[in-house]
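Colleague: Numbering (the numbering used here), first residue to last: 9 to 507. Here a beta-carbon is modelled for each residue, glycine too, at the ideal position from N, C-alpha and C. All values derive from a computational prediction rather than experimental measurement. I am attaching a structure below and will ask some questions about it afterwards.
Printed below as a string of structure tokens:
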């Protein structure tokens, strides 16, 4: 039998490309299972196979514990030390027993265990192998086409799945087609390991550029941002870490060869390579390519940029179905509003007039002074209250105002700003409170407690579990469950709450 064990180990190891030690351990587990079937009691068995000659010994063992709960598998420390006084809790005491003789039932049991253990080992190897490749592009052959997904053969007994939503629009593949995609997820369960591949994710585009443009892999060119409408159009912003290299030219390649190769892989997806700039205004102008920008107005507080173009250039700036402006906005991280020169001028003038009227109304300033402050770039009460008194004096020196007058203006701006902020906060809290008070079983005290915990809306409450809110005073599990379900009925099931 010893020669047969060595032969089986060698054969399975070669066939499955698994280390011999894994097969030996699978054989030992198989012998343990087969041995335990010979006993009526639930015992603990240990089998050791000699790796050189294939001989194996079988032992019954007991775990050394403080208190015995399973007499057939455990032994107290005192009893164990009668046999061996060096034993401690957590050790095992062994008693050699007769090894099994392989009959039909024993062989069948051993075979089942070996097959199971080998599959587990194969799965572990696949998981370890592909976890290292997560985020990289893999190539596979379409094995099966389903309505919702494709099954790919990656080779070496590894299969992958590409869902329809991870494919590009209008892509059609048939069995036998070779396909490339980004490995973005490795999911393991007791039964199987699933590898998920995507062709539509942004990282797919980035990895293709790494492959086609060696300067990116070498660190000479850096990809700063990517925006993508899969299968249709993409924008990628790049910068160089070597002033001798033109990053856009390097990515596009000679006569567009590099970017064209990437476009062909992505079913003809059009790709704009944009020069990145740390100045947001310059970067947005680049990102709006191929549109020509006349002027822009940047609002850092609102994180918005108004873009003006000539009327005949408006359609190009917006793009088909708003695609160009949408991708430029995603690429830059700013909310972009594109309009004609006239529209931007009118909008800017309306905003200026609104601010002028606000200064007149709240600070009792004459129109000319209000206009001058706005022309100097001051557009809020907060800015007026924070302005340096000497700077304010320079702006208003032609209006016969004393330093004391200016201090009063600043103080008034502060008071008005504080009062308006408090009113706004109060109104917001009232809206929040009223929102929660719509729920069945809600009261003022409970709504206040929820607000203190940062649960400001019915939508937020619907996401909570009982454990999240049970620490609120005078709230038990039943009550907590009722208000959470009331919130979920409104948000998830569109049911009205009956007060």
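(1) Can you round the beta-carbon distance between residue 335 and residue 235 to whole angstroms, since I take them to be within the 8 Å contact cut?
(2) Rounded to the nearest angstrom, what separates residue 499 and residue 461 at their Cα positions?
(3) Return the bridge partner residues of residue 189 from the DSSP annotation.
(4) Taking the alpha-carbon of residue 469 as reference, which of 450, 481 and 482 has the nearest alpha-carbon?
(5) Rounded to the nearest angstrom, how far is the Cβ of residue 333 from that of residue 327, given a contact under 8 Å?
(6) Could you check if residue 163 is buried or exposed, using at least 16 other CB atoms within 10 Å of its CB as the buried criterion?
(7) Where does residue 220 fall in DSSP's three states?
(8) Relative to the C-alpha of residue 143, which residue among 241, 212, 395 and 317 is closest?
(9) Quick check on the DSSP output: what are the complete beta strand (DSSP E) runs of length 3 or more inside the segment 44-129, in order along the chain?
(10) Could you work out which residue in 370, 360, 368 and 366 is closest to residue 384 when comparing CA atoms only?
(11) Suppose you measure from the CA of residue 290 to the CA of residue 397; what does that come to, to the nearest Å?
(12) Quick test of the definition: if touching needs 3 or more C-beta pairs under 8 Å, does the segment 144-162 touch the segment 47-59?
(13) So, using beta-carbon positions, are residue 245 and residue 344 closer together than 9 Å?
(14) Strictly by DSSP, which residues pair up with residue 195?
(15) Do residue 216 and residue 168 have their C-beta atoms closer together than 9 Å?
(16) Residue 406 to residue 355, Cα distance in whole Å?
(17) Just mark residue 223 as buried or exposed, buried being the case when its beta carbon has 16 or more other beta carbons within 10 Å.
(18) Count the other C-beta atoms from every protein chain shown that fall within 10 angstroms of the C-beta of residue 266, then say buried if there are 16 or more, exposed otherwise.
(19) Determine, using beta carbons only, whether residue 256 and residue 292 come nearer to each other than 9 Å.
(20) Between the segment 368-383 and the segment 409-429, can you find at least three pairs of beta-carbon atoms closer than 8 Å?
(21) What are the residues that DSSP puts in a beta bridge with residue 231?
(22) Do you know offhand how far residue 365's Cα is from residue 321's?
(23) Between the C-alpha atoms of residue 68 and residue 78, what's the straight-line distance to the nearest angstrom?
(24) Please list the terminal residues of the continuous beta strand (DSSP E) segment that includes residue 347.
(25) Thinking C-beta only, is residue 271 closer than 9 Å to residue 238?
(26) Near residue 186, which residues of its chain fall below 6 Å by C-beta distance, leaving aside the five closest residues on each side in sequence?
(27) Any idea which residues DSSP pairs residue 132 with across the strands?
(28) Count the other CB atoms, across all protein chains shown, that sit within 10 Å of the CB of residue 259; report buried if there are 16 or more and exposed otherwise.
Modeller: Based on what the coordinates show:
(1) Taking the chain shown and counting its residues from 1, one reaches residue 335 at position 327. Taking the chain shown and counting its residues from 1, one reaches residue 235 at position 227. In this structure residue 335 is in contact with residue 235, their Cβ atoms being roughly 4 Å apart against a cut-off of 8 Å.
(2) As a first step, residue 499 is located in the chain shown; it is residue number 491 there, counting from the start. As a first step, residue 461 is located in the chain shown; it is residue number 453 there, counting from the start. Straight-line Cα distance between these residues: approximately 20 Å.
(3) Taking the chain shown and counting its residues from 1, the one referred to as residue 189 is at position 181. Residue 189 pairs with 146.
(4) Numbered from its first residue, the chain shown carries residue 469 at position 461. Selected option, being the one with the closest Cα: 450.
(5) In the chain shown, counting from the first residue as 1, residue 333 sits at position 325. In the chain shown, counting from the first residue as 1, residue 327 sits at position 319. Yes, they are in contact, since the Cβ atoms of residue 333 and residue 327 sit about 6 Å apart, within 8 Å.
(6) What you label residue 163 is simply residue 155 of the chain shown in a count that begins at 1. Label assigned to residue 163: exposed.
(7) Along the chain shown, one-based indexing puts residue 220 at 212. Helix.
(8) As a position in the chain shown, residue 143 is number 135, starting the count at 1. Taking only the C-alpha atoms, the option nearest residue 143 is 212.
(9) Complete beta strand (DSSP E) runs here, min 3: 53-57, 64-73, 82-84 and 100-105.
(10) The count along the chain shown starts at 1 and reaches residue 384 at position 376. Restricting attention to 370, 360, 368 and 366, the CA atom closest to the CA of residue 384 is found in 360.
(11) Start at 1 with the first residue of the chain shown, and residue 290 comes out as number 282. Start at 1 with the first residue of the chain shown, and residue 397 comes out as number 389. Residue 290 and residue 397: Cα-Cα distance of roughly 33 Å.
(12) The segment 144-162 is not in contact with the segment 47-59.
(13) As a first step, residue 245 must be located in the chain shown, where it is residue number 237. As a first step, residue 344 must be located in the chain shown, where it is residue number 336. No.
(14) Counted from its first residue, the chain shown places residue 195 at position 187. 202, per the DSSP bridge assignment.
(15) Here residue 216 refers to the residue found at position 208 when the chain shown is read from its first residue. Here residue 168 refers to the residue found at position 160 when the chain shown is read from its first residue. The answer is no: Cβ separation not under 9 Å.
(16) Here residue 406 corresponds to residue number 398 of the chain shown, with the count starting at 1. Here residue 355 corresponds to residue number 347 of the chain shown, with the count starting at 1. The alpha-carbon atoms of residue 406 and residue 355 are separated by roughly 29 Å.
(17) Here residue 223 refers to the residue found at position 215 when the chain shown is read from its first residue. Buried, since its Cβ has 16 or more Cβ neighbours within 10 Å.
(18) Stepping through the chain shown from its first residue, residue 266 is reached at position 258. Using a 10 angstroms sphere on the CB of residue 266, the tally of other CB atoms reaches 16 or more, which defines it as buried.
(19) Taking the first residue of the chain shown as 1, we reach residue 256 at position 248. Taking the first residue of the chain shown as 1, we reach residue 292 at position 284. No, they are not a contact pair.
(20) Taking a cut-off of 8 Å on C-beta distances, the segment 409-429 touches the segment 368-383, as three or more cross pairs fall below it.
(21) Position 223 of the chain shown, counting from 1, holds the residue named residue 231. Beta-bridge pairing links residue 231 to 246.
(22) As a first step, residue 365 must be located in the chain shown, where it is residue number 357. As a first step, residue 321 must be located in the chain shown, where it is residue number 313. One C-alpha to the other measures close to 34 Å.
(23) By 1-based counting over the chain shown, the position of residue 68 is 60. By 1-based counting over the chain shown, the position of residue 78 is 70. Separation of residue 68 and residue 78 (C-alpha to C-alpha, rounded to the nearest whole angstrom) is 14 Å.
(24) In the chain shown, residue 347 corresponds to position 339, counting from 1. Per DSSP, residue 347 is one residue of the beta strand (DSSP E) stretching across 343-348.
(25) In the chain shown, counting from the first residue as 1, residue 238 sits at position 230. In the chain shown, counting from the first residue as 1, residue 271 sits at position 263. Not a contact, by the Cβ cut-off of 9 Å.
(26) Counting from one through the chain shown, the residue named residue 186 turns up at place 178. Exclusion of the five residues before and after residue 186 leaves 149 as the residues of its chain whose Cβ lies within less than 6 Å of its Cβ.
(27) Start at 1 with the first residue of the chain shown, and residue 132 comes out as number 124. Residue 132 pairs with nothing; no bridge assigned.
(28) For the purposes of this step, residue 259 is taken as residue 251 along the chain shown, with counting starting at 1. That one is buried.
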